[in-house]
Amino acid sequence: AQSVTQLGSHVSVSEGALVLLRCNYSSSVPPYLFWYVQYPNQGLQLLLKYTSAATLVKGINGFEAEFKKSETSFHLTKPSAHMSDAAEYFCAVSEGGYNKLIFGAGTRLAVHP
Amino acid sequence: GAGVSQSPSNKVTEKGKDVELRCDPISGHTALYWYRQRLGQGLEFLIYFQGNSAPDKSGLPSDRFSAERTGESVSTLTIQRTQQEDSAVYLCASSRGTGSNEKLFFGSGTQLSVL
Numbered sequence: 013a014q015s016v017t018q019l020g021s022h023v024s025v026s027e028g029a030l031v032l033l034r035c036n037y038s039s040s041v042p043p044y045l046f047w048y049v050q051y052p053n054q055g056l057q058l059l060l061k062y063t064s065a066a067t068l069v070k071g072i073n074g075f076e077a078e079f080k081k082s083e084t085s086f087h088l089t090k091p092s093a094h095m096s097d098a099a100e101y102f103c104a105v106s107e108g109g110y111n112k113l114i115f116g117a118g119t120r121l122a123v124h125p
Numbered sequence: 002g003a004g005v006s007q008s009p010s011n012k013v014t015e016k017g018k019d020v021e022l023r024c025d026p027i028s029g030h031t032a033l034y035w036y037r038q039r040l041g042q043g044l045e046f047l048i049y050f051q052g053n054s055a056p057d058k059s060g061l062p063s064d065r066f067s068a069e070r071t072g073e074s075v076s077t078l079t080i081q082r083t084q085q086e087d088s089a090v091y092l093c094a095s096s097r098g099t100g101s102n103e104k105l106f107f108g109s110g111t112q113l114s115v116l
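Respectively, the protein sequence lines represent chains L and C.
Each position in the first sequence, counted from 1, maps to that position plus 12 in our numbering.
Each position in the second sequence, counted from 1, maps to that position plus 1 in our numbering.
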């Protein structure tokens, strides 16, 4: 079965600093991988997705993620954090050939001045 | 509305009561998914609808949980004889098609609290 592990339930960075949120997956088949963001009192929004095309995926709001098969990782990065990036971030892998997502436990990102 | 709508946004119930949670997907979206998010945990898949049928119910935790969908529209998730461990946010999502390449749109969820 596929699974997703997000290292660090809470990450805190200074405004302007690099954001790095870690995600490792397990899958017996080439995966589709996703990052979702959940702002307070809002539904999940898709940040970006990997679907076996380019290994470096660019998403919205300046985020990007790199698929590394050898490391079974799909870490999310942003060069410079903004206060508005404070939210919970979820990594997910798709299973079953349809849009059934297996989610990680989430990482709450705090950005301080 | 333009997005996935869920109601109620909050539901407080007593242990042993039945509850119904409603999801209105985006018009024209054939696929509909229910997820559960317990406090401090990731989302757990519950059930998936393609049109009116549910090809994958593997995530429903017990026979107290059931879901139905009418037309390619509204879905209701019913929890019978609620237990305290059912307390969670129940999220609904829809997509135009069923492929993994289709974008999922999530509702804001129903916060269920079982006392």
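All residues carry an ideal CB built from backbone N, CA and C; glycine is no exception.
Beta-carbon of residue i versus every beta-carbon of chain C: anything under 7 Å?
i         : result
L/Thr-119 : no
L/Phe-115 : yes
L/Thr-63  : yes
L/Lys-112 : yes
L/Gly-55  : yes
L/Leu-19  : no
L/Leu-33  : no
L/Leu-60  : no
Could you spell out where the beta strand (DSSP E) holding residue i opens and where it closes?
i        : result
C/Pro-56 : 54-57
L/His-87 : 85-90
L/Phe-79 : 76-80
L/Lys-70 : 68-70
C/Ile-27 : Note, C/Ile-27: premise wrong, no beta strand (DSSP E); not H, not E.
L/Tyr-62 : 56-62
C/Glu-86 : Per DSSP, C/Glu-86 belongs to no beta strand (DSSP E) and is neither H nor E.
C/Asn-11 : 11-14
Could you tell me which of the options sits nearest to residue i, measuring between CA atoms?
i         : options                                   : result
C/Asp-57  : C/Val-5, C/Thr-99, C/Glu-103 and C/Lys-12 : C/Thr-99
C/Gly-29  : C/Arg-97, C/Leu-116 and C/Phe-107         : C/Arg-97
C/Gly-108 : L/Leu-45, L/Val-41, L/Val-25 and L/Gln-57 : L/Gln-57
L/Asn-73  : L/Gly-116, L/Ser-24 and L/Leu-59          : L/Leu-59
C/Glu-103 : L/Gly-116, L/Phe-115 and L/Asn-111        : L/Asn-111
C/Pro-62  : C/Ser-95, C/Ile-27, C/Tyr-91 and C/Val-5  : C/Tyr-91
C/Ser-73  : C/Asp-25, C/Gln-7, C/Lys-18 and C/Lys-16  : Note that residue 73 of chain C is Glu in the sequence shown, not Ser. For C/Glu-73, the nearest C-alpha among the options comes from C/Asp-25.
L/Val-16  : L/His-22, L/Ser-24, L/Tyr-44 and L/Val-25 : L/Tyr-44
L/Leu-33  : L/Leu-88, L/Ser-21, L/Gln-14 and L/Gly-71 : L/Leu-88
What is the rounded straight-line gap between the Cα of residue i and the Cα of residue j?
i         : j         : result
L/Pro-125 : L/Ser-96  : 11 Å
C/Leu-113 : L/Ala-29  : 37 Å
L/Ala-98  : L/Glu-27  : 10 Å
C/Val-20  : C/Gly-60  : 18 Å
C/Ala-68  : C/Val-75  : 11 Å
L/Gln-18  : L/Gly-118 : 6 Å
C/Leu-116 : C/Leu-105 : 32 Å
L/Phe-115 : C/Leu-47  : 12 Å
L/Lys-61  : C/Gln-85  : 35 Å
Does any residue of chain L have a CB that is nearer than 7 Å to the CB of residue i?
i        : result
C/Gln-81 : no
C/Tyr-91 : no
C/Phe-46 : yes
C/Phe-50 : no
If you measure from the CB of residue i, is any heavy atom of the ligand HEM nearer than 6 Å?
i        : result
L/Asn-53 : No copy of the ligand HEM appears in this structure; indeed no ligand is present at all.
**OP:** Would you check if the stretch 89-107 of chain L and the stretch 37-48 of chain L touch, i.e. whether three or more CB-CB distances between them fall below 8 Å?
**Re:** yes
**OP:** Flag this pair as touching only if the stretch 9-17 of chain C and the stretch 76-83 of chain L have three or more C-beta atom pairs under 8 Å; answer yes or no.
**Re:** no
Original post:
Can we say the stretch 32-51 of chain C touches the stretch 61-74 of chain L, given the rule of at least three CB pairs closer than 8 Å?
Top reply: no
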